[in-house]
Structure formats: structure tokens, C-alpha cells
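Undergrad: Last residue of the sequence shown: number 375 in the working numbering, and the count goes up by one each step with no gaps.
Note that CB positions come from ideal geometry on N, CA and C, so glycine has one too.
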Amino acid sequence: MSSASFEPDRSSTGIDPKVAGLLAYFLGFITGIIFLIVEKQSRFVKFHALQSIAISVIFIVLNIVLGFIPVIGWLLGLILTPLGFILWIALMLLALQGKRFKLPYIGDWAEQQSYKF
């Protein structure tokens, strides 16, 4: 996991890019998709939107799969849920601080894709 702090590039949404980065995580993949569509220039906001989409989808799929596994899957789901909540809060706060915190694998993917959108 790596974190780079810098002054984010301006957002085309008219919102402070740090706030837009936070809001990209707010409702998971929903706000991630919204910010990915409406943001035209800020790679910082696009990065956080893409990372939000990816991590949200991964957590949803994991919860669904674990839900089908009796006992052990349910117990792992009970552990995964609070960890996901903590990660969600941490990612929003890091975006608000202007940091481009890259999750392993997902962060690299989001960074590469942010140049394409």
C-alpha cells in the first residue's frame, strides 16, 4: 500500500478535488460511477472513483460468495464487514487529505485506468 500526498489537480465538477475524492467513496460503486462519468479532467478524482468502484465490487462479490458457505463463510463475513467499514472510512479520510492511497493491485489498476478516462 502506498500513499502519495500532493495538491490534487482541479476538478471539472466545481467541487474541491479532495471533497470529490471523498464523495467518490461515499456510496461505493454508485458515487464512484457518478464521479467517473462527470469528472472530465482531475486524475485524482478519477483515481478515487475507479478505486471506489473496484473495492466496492470486490467486497460485494466476497460477501455474496461467503454467504453461500455455511458457518465458516458466515464467520468470515462477520469479520469482513467491520474491516470493510474501517477501510471505507480510511479511504474517504485519505482522499480528503489529498492523498492518493493505493490499495495493493487495485490502486495500480485504478491509477493506470485514470489516464484512459
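If I follow the unbroken alpha helix (DSSP H) through K304, where does it start and stop?
TA: R301 to G325
Undergrad: Taking 9 Å as the threshold (C-beta atoms), are I327 and I336 in contact?
TA: Checking the displayed sequence, the identity of residue 336 turns out to be Leu instead of Ile. Not in contact: L336 and I327 (Cβ atoms no closer than 9 Å).
Undergrad: What is the DSSP secondary structure of K360, counted as helix, strand or coil?
TA: Look at K360 here: in three-state DSSP terms it is strand.
Undergrad: Do Q309 and L290 come within 9 Å of each other at the CB atom, strictly closer than that value?
TA: As written in the sequence, residue 290 is Gly, which differs from the Leu given in the question. Taking C-beta atoms as the reference points, G290 and Q309 count as a pair closer than 9 Å.
Undergrad: Just mark G325 as buried or exposed, buried being the case when its beta carbon has 16 or more other beta carbons within 10 Å.
TA: exposed
Undergrad: On the three-state DSSP scale, how would you describe S372?
TA: helix
Undergrad: State the start and end residues of the unbroken alpha helix (DSSP H) segment that holds L338.
TA: I330 to L354
Undergrad: So, S372 versus F305, is the Cβ gap smaller than 9 Å?
TA: yes
Undergrad: By the 10 Å Cβ neighbour count, where 16 or more other Cβ atoms means buried, how is E297 classified, buried or exposed?
TA: buried
Undergrad: Taking all protein chains shown into account, do 16 or more other C-beta atoms lie within 10 angstroms of the C-beta of A278, making it buried, or fewer, making it exposed?
TA: buried
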